[in-house]
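Below: the structure, in structure tokens.
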Amino acid sequence: MKAKALTLALAALLPTTSVWAASDISALEARINDLESRLAQNEQATKKAEDTASSFEFHGYARSGLLINDNRTGATGTGPYMTAAGDLGAPVGRLGLEDTNYLEANFIHNRQLDNGSSAMFKIMLADGVESSNDWTEDESELNIRQLYAQFNGLPSFSGAFANSTVWAGKRFDRDNFDIHFMDSDIVFLAGTGAGIYDVQLTDDWKANFSIYGRDFGSVESAGTDIENYIATMNNHIGPWQFMLSVMDSKDNQQIVVKDSDDKVDANAKATRRAESGVHAMFAYHNDTFYGMKGSSKTGILLGSGLGAQLKGIGSDGNLNNDAKAVRVFSYGVADLNSTWSVAPAFMAEYSKDRIKDNDEFKWGTFNLRVQQSFTENFAMVYEGSYQYMDLDNSVDSAKGSYYKATIAPTLKLSTVAGFFDRPELRFAVSYVDWSNDLDNFAVSTSTGATTMGNGGETIFALQMETFF
Amino acid sequence: MKAKALTLALAALLPTTSVWAASDISALEARINDLESRLAQNEQATKKAEDTASSFEFHGYARSGLLINDNRTGATGTGPYMTAAGDLGAPVGRLGLEDTNYLEANFIHNRQLDNGSSAMFKIMLADGVESSNDWTEDESELNIRQLYAQFNGLPSFSGAFANSTVWAGKRFDRDNFDIHFMDSDIVFLAGTGAGIYDVQLTDDWKANFSIYGRDFGSVESAGTDIENYIATMNNHIGPWQFMLSVMDSKDNQQIVVKDSDDKVDANAKATRRAESGVHAMFAYHNDTFYGMKGSSKTGILLGSGLGAQLKGIGSDGNLNNDAKAVRVFSYGVADLNSTWSVAPAFMAEYSKDRIKDNDEFKWGTFNLRVQQSFTENFAMVYEGSYQYMDLDNSVDSAKGSYYKATIAPTLKLSTVAGFFDRPELRFAVSYVDWSNDLDNFAVSTSTGATTMGNGGETIFALQMETFF
Amino acid sequence: MKAKALTLALAALLPTTSVWAASDISALEARINDLESRLAQNEQATKKAEDTASSFEFHGYARSGLLINDNRTGATGTGPYMTAAGDLGAPVGRLGLEDTNYLEANFIHNRQLDNGSSAMFKIMLADGVESSNDWTEDESELNIRQLYAQFNGLPSFSGAFANSTVWAGKRFDRDNFDIHFMDSDIVFLAGTGAGIYDVQLTDDWKANFSIYGRDFGSVESAGTDIENYIATMNNHIGPWQFMLSVMDSKDNQQIVVKDSDDKVDANAKATRRAESGVHAMFAYHNDTFYGMKGSSKTGILLGSGLGAQLKGIGSDGNLNNDAKAVRVFSYGVADLNSTWSVAPAFMAEYSKDRIKDNDEFKWGTFNLRVQQSFTENFAMVYEGSYQYMDLDNSVDSAKGSYYKATIAPTLKLSTVAGFFDRPELRFAVSYVDWSNDLDNFAVSTSTGATTMGNGGETIFALQMETFF
């Protein structure tokens, strides 16, 4: 009886646990089962959504704006290549001088295999028009600038090639780099061809190999397309870069040079068009700003024949057979503190027998852009630019200086994200002037070549600029 | 012994609970731990997939179709601006008249910071060709119509600016609005510039400020780009809108007007091209359809000089110095019941000394589109359009009427989603006719200007139209 | 007392379970509650991310490459339509012959309703340029080749229409198919119009109905657009396909034919341009490779008048009134084993009174592409191509053979994914030659028509090709 009473007492005690055990815990387990199966499904769905979303990318660069001069008409002829030396590729600081509505939009398709290999396909749609109007068909320059595919992580690639990327098609070379503030690449290698990146020659030494073709025109009488074939080896050894390009353009001398009205222009033609060329670059990529926190790049470029176009490697067919050129550059970017950022840049070039026998061109540009942040979204941006030119086209010569000063109140999404954070929405006022000696000089010897005109102009700008 | 037996009995009773407690519940806990960590990961992944997916947007408007006249050839010269007054911006109902393959595709890149501020970058790629063929390079009008960036929710903006949007670049103004059924904006402010939206002046009063530039052409002898600068203040006070624009285009009188063959056409030039202008609009945005359920908009536009182009503000450089114009409009949309929807629209304009001294133009259009839904996917759409014109270009004059009647069996994804739900796939039959007096009249006084030709034509159409 | 002791003993035993029960299990339940609500939220977010991601699609086809001939200049005039019969649509194998940078990029917007119905909107942006340069505005052919919308699963559609797709706009017909290796469609029906796919006439019989319009040009004196209207019924009965098209192009005889300089070229005009036409295709879609594992397609096409352009249905307006043509084709693809894949193709055509009275054209092409896989990523691809021509343009005649042999070391993301897996990055060497008799012959009788020139050329290629 005692035992029975005890059992009953226990029965009264136990239900709270045994009921948990028998039904509630089973219920919890069922809910956990359900959660596990739903989560597994949702993980799949998330993976699929991620894959779908990341199979497409949309990136690029754009700027769009309005330029007004102190005469209340549109400013013409301005831009980073506005000086007489601009025809030689000599840039000045771009801030406040650009009137173009310019776009580089990349549409990218990615494909990934489970073994880690992947394919990437890229289109670049580009345009550049000066008109402020919203329907610009008549001056549209829309075109496809890049169109290529590349593979990464191919399991068949091993040893030195294990981490290589192979590509073919039309593209800008991956390792091009630029001084953004002067709108000038240091090297701009581009065209249609094929190549391989990141061949690991030693632990420290990575090399790229490529062949690019470019078109110089056609010789109609012969039914021949004159092309320039550029073979490049590009080496990275720690912070050092050594890039060597050789090029070959058979029958380039037969090309007839035409003026902007598509008429034969014998004056403008090189004395004897080069049919081969060599181009070299040594560069030092420093992860300090000349010793301080920041970054900087310094180097020298050398070229002869078709290689004497030092920036756009192999892109200019109208170079003299014995053209030679050397260019030096150094630039850096540093965020000094939460308020001030600076980006000085220097570039100078000497070239000789470039287009005509006995021509001789010297120029050097110094540019300084400074950002002074006031709030999370507002900064004053300043730019000063100076260029010295001593130009002799073998017929005529001129020398003198160009200078520009710009102040630009600027809105950014985040000033603390640094100098390169974009979009920027800016208003800018610039003053530009130059030596009178330069006013009527042109590098080209063709009749009617455009000259610098007169300096001493104030220019107002409204502009957006973005990387996206 | 009893106790022992009891303990054993209990031992037999308890295991189901104590085993639950000791191992099963721990197992459940482990599974919950696992679920929690997997779910946390998946939430991150979902967030990332969402961010990736929503960083890109693809939107726009397009129509594409085929027009066949009662002579079994392609209909030419048709469209909402087909009448003699069309050159003045006088539209008629568009249904069944459009032969163009027209596209406005927006590619949008969004960037969002955790503090709630965001940047948006937009490209609009646009085209319009009549050809039904599938390779239209020769008549392609592909161009970039918009290219701008804007910021929202900048933390540095406070007070009246707290909810403002700032932008720069080339764009259509955000607050443009249109009578879709006549393919006519009420105002279409567009160009390249910068501005700010939604400055909160009082609790009820929001204002936008902007400067847009537009190009009128160049004076080659002077190396000058003639631009028109438009400063606009656009005010919303409750349902009321007041928009004021002033514009300035120095040296616009020096522009030479050319005909379609790019030859100088002195006849077509305004007597004395305006170099400034004023434009104003008062509008009432009603959230009822003239008192019933629906919506409607009513207003008046006034302009002088360069402001006399009342729709495309500041877009027409060939206006007379003392041009003046006034336009009134009213239109609305109402879903009367599940079957019937109606959209009446009225627009009329009077302008004087518009292009030549002493010219005088009057026109008024009434349009009615009606949708009769039969099933979830099928509707009959009807449109009647009437336009009265009394036109005197200072040399010649004509007056009379245009009318059009259209019936269009239409497929929609969902007729219940309303009048504006798209895509629509439609077949349409239209009859158009007009007064004989209008046949040979042109607003332009230049030799060889296109006229209306003869009326009395039946037109068959196959078309898709979509907003996306 | 015993009972008390026992109870205490039990109390010592029970806590581990009753504590679980009272607090830990509640805690677990709370965590499960939390998990359930978070997972529900995340499922929603995942659904939204999926919907956002899948509302946009980016697909297409592209190739880009460089062609160098054995003279170290750009190869000109090469391509799958390089032979004298190419003007008649006679292709040869494409591998190693293509110099164009060609793009078809589709931007697709999807919209899905919960009832299962959906709308799809598609743009195709296309370009084709030969230049290897990276800025090709002067020869850009960018244009919108497709622009249409279609509906699927409309609830109002039932019976035979229950699974139908309806569409309108500018498009390539869905059921076009091609011999990829010769860059030739079997039928390429395209233009602007409307239609319906997959009307289920019987259990085995599905039919498509469509009307496409195409432009042949304009008669300026009459202000008339000459269009060709093509009505097509396309039937699938099991593996059999029967496609019938009739076409009507009023006033097509009035069209004036112009040469490439836009000058009237009476020589090139058909004797009497056809104003109507009939086109038929019978095809057998076999899911075996002539009995073995793989696939193949075989058929015959017949046409008269405007239907005598057998591939591009209704696309050629310059056909003779009594033109007649017949074409046969057979091709297949088979992966024989893990190493070898083969794709033979045969196409031949006979046409008469095609452009001029009494002209007569016969040609036949046999092409064989073979893939030999070496690793997961590397294959050798071989192609041999032979074409026989017997061509009489009523003024002049020529007959003879063309042959090509190509070997192409090729990189693929996965060779095991088969013949059509892309991208491919390839190097190719081809040798092409033909009978001397063909050198100076052209199908066109217009003065200055392009001829084949001389054969016997080795061509080197670097190329990427992708479907994406």
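Residue numbers (the working numbering), protein chains in the order written: chain A, 194 to 661; chain B, 194 to 661; chain C, 194 to 661.
Every residue gets a Cβ at the ideal spot worked out from N, C-alpha and C, and that includes glycine.
Output needed for B:Gly362: all residues of its chain with C-beta closer than 7 Å, excluding positions within five of it in sequence on either side, in chain order. Counting only Cβ-Cβ distances below 7 Å, and skipping sequence neighbours, we find Leu340, Tyr341, Ala342 and Thr385.
Which residues in chain B sit within 9 Å of C:Pro348, going by Cβ to Cβ distance? Simply Thr568, Glu569 and Asn570.
Could you list which residues in chain C have their beta carbon closer than 8 Å to that of A:Arg407, in chain order? Chain C residues near A:Arg407: Ser325 and Asn326.
Have a look at B:Phe522 and B:Phe482 and give me their C-alpha separation to the nearest angstrom. Near 14 Å, if we compare the C-alpha coordinates of B:Phe482 and B:Phe522.
Quick one: does B:Thr644 have its CB under 8 Å from some CB of chain C? By the rule that beta-carbons nearer than 8 Å mark a contact, B:Thr644 does not touch chain C.
Rounded to whole angstroms, what's the CA-CA distance from C:Lys241 to B:Ala610? Just pull it up for me. Straight-line Cα distance between these residues: approximately 21 Å.
Taking only runs that begin and end inside the stretch 554-619 of chain A, name each unbroken beta strand (DSSP E) of 3 or more residues, in chain order. Qualifying beta strand (DSSP E) stretches, in chain order: 571-585 and 590-605.
According to the Cβ coordinates, are C:Leu512 and C:Arg562 closer than 8 Å? Going by C-beta atoms, C:Leu512 is not nearer than 8 Å to C:Arg562.
Would B:Val380 count as contacting chain A if we go by Cβ distances under 8 Å? For B:Val380, no Cβ of chain A is located within less than 8 Å of the residue's own Cβ.
Neighbourhood of C:Gly646 by C-beta distance below 8 Å, restricted to the same chain and skipping five residues each side: So the list reads Gly270 and Asp632, once near-sequence residues are dropped.
Contacts around B:Gly416, its chain only, beta-carbon distance under 7 Å, and the 5 residues preceding and following it disregarded: Excluding positions up to five away in sequence, the list is empty.
Have a look at B:Ser211 and C:Ser531 and give me their C-alpha separation to the nearest angstrom. The predicted position of B:Ser211 is uncertain, since its pLDDT is 46 and thus under 50; a value taken from the coordinates is nonetheless stated next. So the two alpha carbons sit approximately 60 Å from each other.
What residues from the stretch 555-567 of chain C come within 9 Å of chain B, judged by C-beta to C-beta, listed N to C? Contacts with chain B (Cβ-Cβ distance below 9 Å) from the stretch 555-567 of chain C involve no residue at all.
Three or more C-beta pairs under 8 Å: does that hold for the stretch 243-250 of chain C against the stretch 286-306 of chain C? Yes: the two stretches touch, three or more of their Cβ pairs being nearer than 8 Å.
Can you tell me the Cα-Cα spacing of A:Leu290 and A:Thr239, whole angstroms? Cα to Cα, the separation comes out at about 47 Å.
For the beta strand (DSSP E) that A:Lys363 lies in, which residues bound it at each end? From DSSP, the beta strand (DSSP E) with A:Lys363 extends over Thr358 to Phe365.
Straight-line CA distance for A:Lys490 to A:Met582? Straight-line spacing of the CA atoms in A:Lys490 and A:Met582 works out to 24 Å.
Between the Cα of C:Arg374 and those of C:Ser623, C:Val625, C:Phe612 and C:Thr643, spot the shortest distance and give me the residue it belongs to. One point to set straight first is that residue 374 of chain C is Phe, not Arg, in the sequence displayed. The candidate whose alpha carbon is nearest that of C:Phe374 is C:Phe612.
Does the contact criterion of 3 or more C-beta pairs under 8 Å hold for the stretch 493-505 of chain A versus the stretch 460-470 of chain A? Touching, per the Cβ criterion.
In whole angstroms, what separates the C-alpha of C:Asp630 from that of C:Asn586? Note on geometry: alpha-carbon atoms of C:Asp630 and C:Asn586 lie some 15 Å from one another.
Taking only beta-carbon positions, decide if A:Ala246 is within less than 8 Å of chain F. Absent here is chain F; the protein component of the structure consists of chains A, B and C.
Closest Cα partner of A:Ile316 within the set A:Asp614, A:Ser324, A:Thr644 and A:Phe365: A:Ile316 has its Cα closest to that of A:Phe365, out of A:Asp614, A:Ser324, A:Thr644 and A:Phe365.
Tell me, to the nearest whole angstrom, how far the beta carbon of C:Phe571 is from that of C:Tyr254; I am working on the premise that it is less than 8 Å. Contact doesn't hold; Cβ gap of about 23 Å is too wide.
Relative to the C-alpha of A:Arg256, which candidate in A:Asn264, A:Arg287 and A:Asp244 has its C-alpha closest? It is A:Arg287 whose Cα lies nearest to the Cα of A:Arg256.
Leaving out five residues before and five after C:Met540 in sequence, what residues of the same chain have Cβ atoms less than 6 Å from its Cβ? Closer than 6 Å at the Cβ level, and outside the excluded window around C:Met540, lie Phe522 and Thr558.
Using the Cα positions of A:Ser623 and A:Thr599, report the straight-line distance between them to the nearest angstrom. The straight-line gap from Cα to Cα measures roughly 4 Å.
In terms of residue numbering, what span does the alpha helix (DSSP H) encompassing C:Ser508 cover? For C:Ser508, no alpha helix (DSSP H) encloses it, and the DSSP letter there is neither H nor E.
Using 10 angstroms around the beta-carbon of C:Lys486, count the other beta-carbons present and answer buried if the total reaches 16, otherwise exposed. Exposed is the call here.
Can you tell me which of the three DSSP states A:Thr271 falls into? Coil at A:Thr271, not helix or strand.
Residues in the same chain with beta-carbon distance under 7 Å from A:Thr200, minus the five sequence neighbours each way, listed in chain order, please. Annotation note: pLDDT 49 at A:Thr200 (below 50); position unreliable, no value reported.
Quick one: give me the first and last residue of the alpha helix (DSSP H) that B:Asn421 is part of. Element bounds for B:Asn421: not the alpha helix (DSSP H) but the beta strand (DSSP E), Thr417 to Ile430.
If you measure from the beta carbon of B:Val359 to each beta carbon in chain A, is any gap under 8 Å? B:Val359 counts as touching chain A.
Hey, A:Val574 and A:Ala601 are a contact pair by Cβ (cut 8 Å); roughly how many whole angstroms apart? Rounded, the Cβ-Cβ distance is 4 Å, consistent with contact.
Those runs of the beta strand (DSSP E) which lie wholly inside the stretch 292-351 of chain C and span at least 3 residues: The qualifying runs are 294-305, 311-322 and 336-345.
Any beta-carbon of chain C closer than 8 Å to the one on A:Ile218? Interface residue, yes.
Would a check of beta-carbon distances place C:Phe251 closer than 8 Å to chain A? C:Phe251 counts as touching chain A.
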